[in-house]
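One gets our numbering by counting positions in the sequence shown from 1 and adding 1348 to each. Virtual Cβ for every residue (Gly too), placed ideally from N, Cα, C.
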Amino acid sequence: MKRFLILFIAVWALTSCRKTEVQELFDASPEARAGERLAELQDKLVSGVNGWKGVLTTSLGGGYSFYVKFNEDNTIQMLSDINSTTSGTMKASTYRTKWVMDASLIFDTYNYISLLSDPGAKVLGATAANGLQSDVEFEYVRSSQDSVFLKGKRYKNNFVLTRLSEDEEQTFINSYTSVISDNTSLISAIKFPYIQLDGIQNKISFVVDNNSKKVSAEFMGSDGEVNSLVGKFGFDIYGFTFPIAMQVGTSNFINGVIKDNKLLLIDVEGKQTEVKSNDVPILPILTTFGYNKANKRITSDAIPGVTANVHIFNKVRELFTASGRNITSMYFAFTNSTTAIFYIGYNSGASAFVASASYQYTQDGNKLKLKRIGIDGGNNWNTRAVQVAPVDNLFGTGDEREFLIDWVSSQNATIVYPIAGIISASNPLNMLYGKLGN
């Protein structure tokens, strides 16, 4: 009993010395911190009294730019460089800031950002299932005096907002479409574009694709291998912006600016690098085109001005259209070190089909031997024999034929990118030619 009494007194003494209030581990409760971060995001958005330039990347496509103005009543006005309609027609919608694991910006009614994630091929390169795999809900990452950095919740794409001045806002509102048109025309006129940088001995092919909203940079390293880099951008009123800096060598480019009829790349330190024109493609074709190279495909873009007996891609498309069918995808590709494919995806009514032919090939430098070894399992290649005849006339239906792989030229001044050709060794005017793709 005595020992029990002593123990009771000791426990009482300890508990009586305990503080009645425990100091919070942080200066504020989790709820208070969440509220503060939400308020920070909301206040930042509406503080852009002249609106914001937003640049968003997509998973399946390039980048896209927006003029966005956030109002205190949770409405927004928006323009975008998606096409000439979205750059000239102001779109009104709504937004919310909400705590979802962190402060978040949510576009909760349909707008131009929603269009990028809309199922269906409503934007160039979009898929029927997921659009361009873009986001409409964004996590607040951080902000600076003039910028807000967000990241997509689903696809983790970067969305960067930059505060606009009054003059910049007026240019977006009144002239965005015409500015984009003028700037893209100048960019497109740079034939075989390249840059030169300290630390990289060779010229760097630097191609700005106005349609895909991607930049590709390729150069031959000291080891003889081609280095390939891709950046995604959106058009603004000065040229274009990379939401995430594009690193080429030791340079980190954040903008492309049109100035004095020149395209200048601006790096994070403000240094300018001019994109110049070259008389011939920068890289030898075999360094960039092949089954294990940056480009495995010749794509079916219409290319005027090439001297050839037949533009095979154009002729095949014409024949499919005449039969009431619509080609959705067409290309020639090296699939591995020994096989190649000519692929045609097409629609007939509401149904989708594939017609393809596979080829065995051997290659010695730029000399190529091809032999057809099969067609698609659905026999669509044979069913569409009339439509694919231009391909069979060039590549054959089972006999081995010899070709040369080389660049070909166009006399059309608007064609400023390299054109790849698979040219018949027996008749150089018989060829498959087109733009390279991956």
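Exposed or buried, which one is Glu1617 when buried takes at least 16 other CB atoms within 10 Å? exposed
Cα-Cα, which of Gly1744, Thr1731, Lys1715 is closest to Ile1721? Gly1744
Beta-carbon spacing of Thr1405, Asn1505 below 9 Å: Taking 9 Å as the Cβ cut-off, Thr1405 and Asn1505 qualify as a contacting pair.
Apply the 10 Å Cβ neighbour rule to Asp1429 and answer buried if 16 or more other Cβ atoms are within range, or exposed otherwise. Buried is the call here.
Under a Cβ-count criterion, where at least 16 other Cβ atoms within 10 Å of its own Cβ denotes burial, should Thr1655 be classed as buried or exposed? exposed
Can you tell me whether Gln1735 is buried or exposed? The criterion is at least 16 other CB atoms within 10 Å of its CB, across all chains shown. buried
Report the CB separation of Glu1487 from Lys1499 in whole angstroms; it is logged as a contact under 8 Å. About 5 Å separates the two Cβ atoms, so the contact holds.
So Lys1644 and Ala1703 are supposed to be a Cβ contact under 8 Å. How far apart are they, rounded? At roughly 20 Å, the Cβ-Cβ gap does not stay under 8 Å, so Lys1644 and Ala1703 are not in contact.
Measuring CB to CB, does Ser1526 end up less than 9 Å from Gln1549? no
Using 8 Å as the cut-off, can you tell me whether the stretch 1395–1410 makes contact with the stretch 1436–1451, which would need three or more C-beta pairs spanning the two stretches below that distance? no
Near Lys1350, which residues of its chain fall below 7 Å by C-beta distance, leaving aside the five closest residues on each side in sequence? With a pLDDT of only 49 at Lys1350, under the threshold of 50, the placement of this residue in the model should not be trusted; the figure read from the coordinates follows. Answer for Lys1350: no residue qualifies.
Taking the straight line between their C-alpha atoms, what separation do you get for Thr1475 and Ser1377? 44 Å
Look at the alpha carbon of Gly1713 and the alpha carbon of Ile1630, and state the distance between them as a whole number of angstroms. 18 Å
May I have a chain-ordered list of the beta strand (DSSP E) segments no shorter than 3 residues that lie completely inside the stretch 1386–1436? The stretch 1386–1436 contains these whole beta strand (DSSP E) runs: 1400–1405, 1411–1418, 1423–1428.
Below 8 Å on the Cβ atoms is my guess for Thr1445 versus Gln1390; work out the distance and round it to an integer in Å. Right, the Cβ-Cβ distance comes to about 5 Å (below 8 Å), so this counts as a contact.
Per DSSP, Gly1769 is paired with what? DSSP output for Gly1769 lists Asp1754, Tyr1781 as bridge partner(s).
In the DSSP assignment, what are the bridge partners of Ala1687? For the sequence presented, residue 1687 should be read as Thr rather than Ala. Thr1687 is bridged to Gln1708.
Is the stretch 1444–1464 touching the stretch 1536–1550 in the sense that three or more CB pairs, one from each, lie closer than 8 Å? no
Based on the DSSP output, what are the partners of Asp1450 in its beta bridges? Paired residue(s): none; Asp1450 is not in a bridge.
Unbroken alpha helix (DSSP H) run spanning Thr1525, endpoints: 1514–1536
Here's a check: name, in chain order, each residue in its chain whose Cβ is nearer than 8 Å to the Cβ of Leu1386, leaving out the five neighbours to either side. Thr1445, Lys1446, Trp1447, Ala1451
Apart from the five residues just before and just after Ala1705, which ones in its own chain have a Cβ nearer than 6 Å to its Cβ? Excluding residues within five positions, the ones whose Cβ falls inside 6 Å are Phe1690, Arg1720, Ile1723, Trp1729.
What distance in whole Å lies between the Cβ atoms of Ile1770 and Tyr1753, which are believed to be in contact at a cut-off of 8 Å? Reading off the sequence shown, one finds Ile at residue 1753, where the question assumed Tyr. About 6 Å; that satisfies the 8 Å criterion.
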